[in-house]
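Those letters in the sequence shown? Residues 4 to 359, per my numbering, in order. Only one structure is covered here, and it is reproduced in the block below.
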Amino acid sequence: MSDYTGVVSGALTPERIKDALKTVAFPGLTRDLVSFGMVQHVAACDGRVKIRLAVRTADESIPERLATAIEGALPPLGATTVALEIVPPAAAPAPTWQTVPDPWADQVSLASVRHVIAVGAGKGGVGKSTVAVNLALALAREGLRAGLLDADIYGPSLPILLGLEDGASKVRMSAEKHIEPLDAHGLPMISFGFFLGEGSPAVWHRPMVSKAVKQFARGVAWPALDVLVVDLPPGTGDVPLSLAQAVALSGAVIVTQPPRVAAAEARKAAEMFRALEVPVLGVVENMSGVFGRGAGHTVASELAVPFLGEIPFDPTVVDEGDRGTPTMRERADSATGLAFDRIAATVAAILGWRRI
Ligand SMILES: Nc1ncnc2c1ncn2[C@@H]1O[C@H](COP(=O)(O)OP(=O)(O)OP(=O)(O)O)[C@@H](O)[C@H]1O
Ligand SMILES: [Mg+2]
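And the structure:
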């Protein structure tokens, strides 16, 4: 490829390169480098391209995978050499070239909430919602003022798990036009499910999801809380990104199942939270026993984060979920309840909570 073909090298502007970077997904994820806000600097001269990315990752294969993906996207624009510099976000120098606004510029802390923690997993059906509910109830037993936010816009399940299927008819707005949380077994709680009506969020475009999550995450009149536990939809899509950009998250709890495929998805979720600058507080292994065990421990040590504990596979949990009476209300002293208690104690300690 020649850099003397005026037409081709003339086309190689930082804008065109940045457009090309919009087609490059972060390795293992579906989101592109530009919308993650990772592109710090782009320069082009005579077919030579320099790109600086701000990336924090524990995965040593990421720089090379990024370089391969970027090189694959650029040649059609006439690039002869590509110099890729990867810097950790905190150390990144102020961007000298930027056409999109900083996606984090708008992030706020919720005034009455000390810690917002998200419960996520790459994979569906591993027990995120069950863990979110029982973790919040167990944190309350630890003495923390806990609340629950169901941000699973694609399949909100907390209304069922908490026996609040009629929640939509009970929700009220405050005088300041904030949503008043409902009472769920003693915890303040709000679900996207109360507001979805017949609309199908599966067809929402990214800006709609982002706007809805932002309004929802910020628009609730939470009482003073030590911790707000947020239940996320499965996967590494728009909701966690929008949530992390809307409110400051203290951390994320990753739920995995024993099989290896679930563990691989858990790693992806952890990678996503790290890319979003959200610390991973630890890994919970759910439904341990029947499908084997140990994946949670392995994933946690690979990610160098705490292993928070395992919840046994317990068929009664399904029944409790269907009846809307969580394990931590019905059977706090069962083996399953005690497992949630231990995990909550560890999470509380990580958040700096000390029982007096
Ligand atoms: N420890 C457990 N033992 C037995 N069944 C469990 C356990 N934890 C969760 N379940 C059951 O597994 C199913 C999926 O759980 P849950 O809805 O919490 O998963 P999820 O990851 O939130 O799913 P989704 O991805 O659809 O949001 C439910 O029927 C639930 O009752
Ligand atoms: Mg769920």
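Backbone N, C-alpha and C fix where the C-beta goes; we use that ideal spot for every residue, glycine too. Please read all numbers here as calculations on a predicted model, not as lab measurements.
Residues near residue i in its chain [Cβ-Cβ closer than 6 Å; skip 5 each side]
i    : result
E74  : V85
G13  : Note that G13 scores 47 on pLDDT, short of 50, meaning its location in the model is unreliable; the coordinates nonetheless yield the value given after this. Counting only Cβ-Cβ distances below 6 Å, and skipping sequence neighbours, we find nothing.
V58  : M41, I89
I65  : P30
S213 : S245
R334 : G340
A224 : S177, H181, E183
T26  : A76
A28  : D35
P162 : E168, G170, S194, G196
L354 : H118
Cβ shell of residue i (< 8 Å), same chain only, five flanking positions each side left out
i    : result
K271 : G31, L32, G125, T239
T349 : G285, P309, L311, G312
M176 : I182, E183
L24  : D35, L36, V37, V42, V45, I54, I73, A76
S304 : F310
L199 : I156, P159
W356 : E145, G146, L147, D229
Secondary structure of residue i, DSSP reduced to three states
i    : result
T259 : strand
D322 : helix
Y7   : Caution applies to Y7, whose pLDDT of 29 falls short of 50 and renders its modelled position unreliable; the model cannot decide the point.
G196 : helix
I54  : strand
Q101 : Annotation note: pLDDT 47 at Q101 (below 50); position unreliable, coordinate value reported separately. Here Q101 sits in coil by DSSP.
I314 : strand
E145 : coil
V119 : strand
A272 : helix
R175 : strand
A95  : Because A95 carries a pLDDT of 48, less than 50, the predicted location of this residue cannot be relied on, and no value is offered for it.
A28  : strand
T186 : The question names Thr, but residue 186 in the sequence shown is Asp. In this structure, D186 counts as strand in the three-state DSSP scheme.
P159 : coil
L140 : helix
V242 : helix
G167 : First, the residue type needs correcting, since residue 167 is Leu and not Gly in the sequence shown. L167: coil per DSSP, three-state reduction.
P79  : helix
P309 : coil
P191 : strand
D35  : strand
First through last residue of the alpha helix (DSSP H) which encompasses residue i
i    : result
Q43  : Per DSSP, Q43 belongs to no alpha helix (DSSP H); it is in the beta strand (DSSP E), 42 to 48.
F219 : 209 to 221
A76  : 65 to 76
L306 : 298 to 306
A114 : Here A114 belongs to no alpha helix (DSSP H), and DSSP marks it neither H nor E.
R332 : 330 to 333
T349 : 338 to 353
Sequence-distant residues of the same chain with beta carbon closer than 7 Å to residue i, five excluded per side
i    : result
A227 : S115, R148
T301 : A266
L235 : A121, V122, G123, K131, A154, D155, V242, P243
G127 : P237
W107 : G40, Q248
R209 : D241
Assumed close pair residue i, residue j - CB separation to whole angstroms, cut-off 8 Å
i    : j    : result
R332 : H188 : 5 Å
F197 : A171 : 5 Å
V293 : F316 : 4 Å
V250 : R221 : 7 Å
A61  : A307 : 6 Å
A135 : V232 : 5 Å
T83  : V320 : No, T83 and V320 are not in contact; Cβ-Cβ is about 59 Å, not under 8 Å.
Cβ-heavy atom distance, residue i to ligand 4, below 7 Å
i    : result
S115 : Looking at this structure, you won't find ligand 4 anywhere; what it does contain is ligand 1 and ligand 2.
Range of the contiguous beta strand (DSSP E) that encloses residue i
i    : result
E88  : 84 to 90
E288 : 283 to 291
D234 : 228 to 234
Any C-beta of chain B under 8 Å from that of residue i
i    : result
G295 : Of the chains in the structure shown, none is chain B; there is only one protein chain.
ask   = Can we say the stretch 247 to 266 touches the stretch 274 to 285, given the rule of at least three CB pairs closer than 8 Å?
value = yes
inquiry  = Using a Cβ distance threshold of 8 Å, determine whether the stretch 136 to 154 contacts the stretch 339 to 356, with at least three qualifying pairs required.
reply    = yes
ask   = Counting pairs of Cβ atoms below 8 Å between the stretch 17 to 26 and the stretch 45 to 57, do you hit three or more?
value = yes
request  = Evaluate contact between the stretch 166 to 185 and the stretch 232 to 248, counting only Cβ atoms and requiring at least three cross-stretch pairs below 8 Å.
outcome  = no
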